[in-house]
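As structure tokens, the structure follows; a few thoughts come after it.
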Amino acid sequence: MNSEEKIRLQNFAIDIREKIIYQMSSLGSGHLGGNLSIAEIVAVLYGSEMKYDPADPKSDERDILICSKGHAGPCLYSALAMKGFFPMERLDTLNRGGTELPSHCDRLHVPGIEMTTGSLGQGFSAACGMALASKLDGNPRTVYCIIGDGESQEGQIWEAVLFAKHQQLDNLILFVDYNKAQLDGLTKDICDMGDYVDKFHAFGWHTAEIDGHDVEAIKTAVDAAKADKTGLPHVIVCNTIKGYGVSFTKPESCHHVNFTPELTEQCMRELEASRPTA
Ligand SMILES: Cc1ncc(C[n+]2csc(CCOP(=O)(O)OP(=O)(O)O)c2C)c(N)n1
Numbered sequence: 000m001n002s003e004e005k006i007r008l009q010n011f012a013i014d015i016r017e018k019i020i021y022q023m024s025s026l027g028s029g030h031l032g033g034n035l036s037i038a039e040i041v042a043v044l045y046g047s048e049m050k051y052d053p054a055d056p057k058s059d060e061r062d063i064l065i066c067s068k069g070h071a072g073p074c075l076y077s078a079l080a081m082k083g084f085f086p087m088e089r090l091d092t093l094n095r096g097g098t099e100l101p102s103h104c105d106r107l108h109v110p111g112i113e114m115t116t117g118s119l120g121q122g123f124s125a126a127c128g129m130a131l132a133s134k135l136d137g138n139p140r141t142v143y144c145i146i147g148d149g150e151s152q153e154g155q156i157w158e159a160v161l162f163a164k165h166q167q168l169d170n171l172i173l174f175v176d177y178n179k180a181q182l183d184g185l186t187k188d189i190c191d192m193g194d195y196v197d198k199f200h201a202f203g204w205h206t207a208e209i210d211g212h213d214v215e216a217i218k219t220a221v222d223a224a225k226a227d228k229t230g231l232p233h234v235i236v237c238n239t240i241k242g243y244g245v246s247f248t249k250p251e252s253c254h255h256v257n258f259t260p261e262l263t264e265q266c267m268r269e270l271e272a273s274r275p276t277a
């Protein structure tokens, strides 16, 4: 990746973070930590890797992303609005009565959202189904899915992991947002998941582990996964930080945050100051 491309994707991730905070502060609160932790993954997918057409969100030519940790809707909405799937003004309406922008991913209301998620563990099964259907249809698309580390404590996740291997879903790329924290504390204290790479390897998957805030590492891992058509599904374990990008957050206590105008201003100032320079 050349430095221009790197800076473009890093800036896109910062734009996404600013829009996440904009949506949540307009509402007064939101699931901040787990939205901020996946900004680079979403920036690389919508900024570089995925095929999509905002004018035709259901096009057969498109790739698919399912955010199984549905509370990270605002992160995807930021990217979708910036890419023209719906008007930017809709970001003002997050989770208000009658809104077309519910806080959790909603495929019936939000163009570009492929699966309604929020009940943790379920979105990944849908992603496996879509990957299998794409293969049966001879559609060359890639299906991407993001799960949380807390979410990976759900039994349904591991049924889907088995299924994907059995069905040889090498068109499926799963990101584990390994931010080490869930709703009410650190994942290791609540139900330690051990070593993800070992686990997925034991289930027969192709594995990679990267810094999930490094756009170059994300792109390299996705390109390698896409190129590998040996019948194995792909997991990219992304080491991330819950609440990454602003200074007031602590991973174990930033799952859901209340905003004041002062806090919003501080976050926006910090994000602007963090923009990379050539
Ligand atoms: C089946 C289910 N149980 C509980 C919840 C409530 N809940 C919402 S987010 C969350 C924590 C998820 O942690 P993690 O997957 O690590 O995601 P992160 O907060 O780091 O984004 C929980 C328990 C839920 N949405 N669905």
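In this text, residue positions in the sequence shown follow numbering that gives the first Met the number 0: the first is 0, and each later residue adds one. Beta carbons are placed, not taken as given, at the ideal position from N, Cα and C, and that holds for glycine. Computed from a predicted structure; not experimentally measured.
Asked                                                                                                                   : Found
Helix, strand or coil at I172 according to DSSP, with G and I counted as helix                                          : strand
Which of helix, strand or coil DSSP assigns to N1                                                                       : coil
Distance cut-off 7 Å: E288 Cβ against heavy atoms of ligand 1                                                           : With the chain running from 0 to 277 in the structure shown, residue 288 is simply not present.
Extent of the continuous alpha helix (DSSP H) run through V214                                                          : V214 to A226
Nearest-angstrom beta carbon gap, I146 and D176 [assumed within contact, 8 Å]                                           : 7 Å
Near ligand 1: K241 beta-carbon under 7 Å from a heavy atom                                                             : yes
Residues near V256 by beta carbon distance below 6 Å, same chain, minus five either side                                : L31
Through-space distance from K164 to L171, alpha-carbon basis                                                            : 10 Å
Cut-off 7 Å between Cβ atoms - residues of its own chain near Y21, not counting five sequence neighbours on either side : L90
Secondary structure, alpha helix (DSSP H): runs of 4+ residues fully inside the region 59–143                           : 72–81 and 121–136
H70 beta carbon near ligand 1 (any heavy atom closer than 7 Å)                                                          : yes
Any non-hydrogen atom of ligand 1 closer than 7 Å to G147 Cβ                                                            : yes
Beta-carbon separation (whole angstroms), L8 vs G46, contact threshold 8 Å                                              : 5 Å
CA-to-CA distance, M267 to F162, given in whole angstroms                                                               : 43 Å
Any 3 or more C-beta pairs closer than 8 Å across the region 49–64 and the region 228–236                               : no
Segment contact, 8 Å Cβ cut-off, at least three pairs: the region 238–250 with the region 173–190                       : yes
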